[in-house]
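Peer 1:
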Amino acid sequence: MWWQVLALVALGLIVYKFYWKPMLRAPVRETLPNTARLYFFYTDWCGFSKKAQPEWDSLDLPATFGSTKVEGVKVDCEKEKAQCSTYGIEGYPTVKLETSGGIQDYKGKMTKEALLEFLRSSLGKEPTSG
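Sequential numbering of the sequence shown, starting at 1, is according to the UniProt record's numbering.
So this is what it looks like as structure tokens:
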């Protein structure tokens, strides 16, 4: 009997890893070519979010990287719980880049320079305002 439980758990993990988890990586909204959204998910009570907000605010978005126009979107997860759940947000702050090709998680430092480097490496070229 124990091996049946173990097999069921293993099957569940396989389904999660190869079916459900990749579905979370697909764009949540329809994204036009040459457009992207950089999301900043935060809460007001999180000290890390408070520290990261000035860096986020200094990004001067929207801007164009290569041929892609990037819009910045701040999402307060206390007020927008459904949207944060849709994007699978588990900690704060979280930054995600959504393009027509999918969603990329940002794993770097929460500094203006590091965020700009993430956008340059993901989309190309230096930013231009507008």
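Virtual Cβ for every residue (Gly too), placed ideally from N, Cα, C.
At which residues does the beta strand (DSSP E) containing K74 begin and terminate?
Peer 2: Here residue 74 is taken as the residue at index 74 of the sequence shown, counted from 1. From DSSP, the beta strand (DSSP E) with K74 extends over 68-76.
Peer 1: Spatial neighbours of K21 within its chain, please: CB distance less than 7 Å, with the 5 preceding and 5 following residues excluded, ordered by chain position.
Peer 2: Looking up residue 21 in the sequence shown gives position 21. In this prediction, K21 scores a pLDDT of 47, lower than 50, which makes its location untrustworthy; the coordinate-derived value is nonetheless stated afterwards. Closer than 7 Å at the Cβ level, and outside the excluded window around K21, lies no residue.
Peer 1: Using DSSP with H/G/I as helix, E/B as strand and the rest coil, what is I81?
Peer 2: Residue 81 sits at position 81 when you count from the first residue of the sequence shown. The residue you asked about is not Ile; residue 81 is Lys in the sequence shown. In the structure shown, K81 sits in a helix (DSSP, three-state: H, G or I).
Peer 1: Leaving out five residues on either side along the sequence, give the residues of the same chain with a beta carbon under 6 Å from the beta carbon of L106.
Peer 2: Within the sequence shown, numbered from 1, the residue matching residue 106 stands at position 106. Looking at the sequence provided, one finds Tyr at residue 106 rather than Leu. The residues are V95, F118.
Peer 1: Here's the rule I'm using: 16 or more other beta-carbon atoms within 10 Å means buried, otherwise exposed. How should W3 be labelled?
Peer 2: Here residue 3 is taken as the residue at index 3 of the sequence shown, counted from 1. W3 should be labelled exposed.
Peer 1: What is the C-beta distance between G124 and F65, in whole angstroms, given that I count them as a contact (C-beta under 8 Å)?
Peer 2: Within the sequence shown, residue 124 is the residue found at index 124, counting from 1. Within the sequence shown, residue 65 is the residue found at index 65, counting from 1. That pair is a contact at about 6 Å.
Peer 1: Under DSSP, the beta strand (DSSP E) around L123 begins and ends at which residues?
Peer 2: Within the sequence shown, residue 123 is the residue found at index 123, counting from 1. Per DSSP, L123 belongs to no beta strand (DSSP E); it is in the alpha helix (DSSP H), 112-123.
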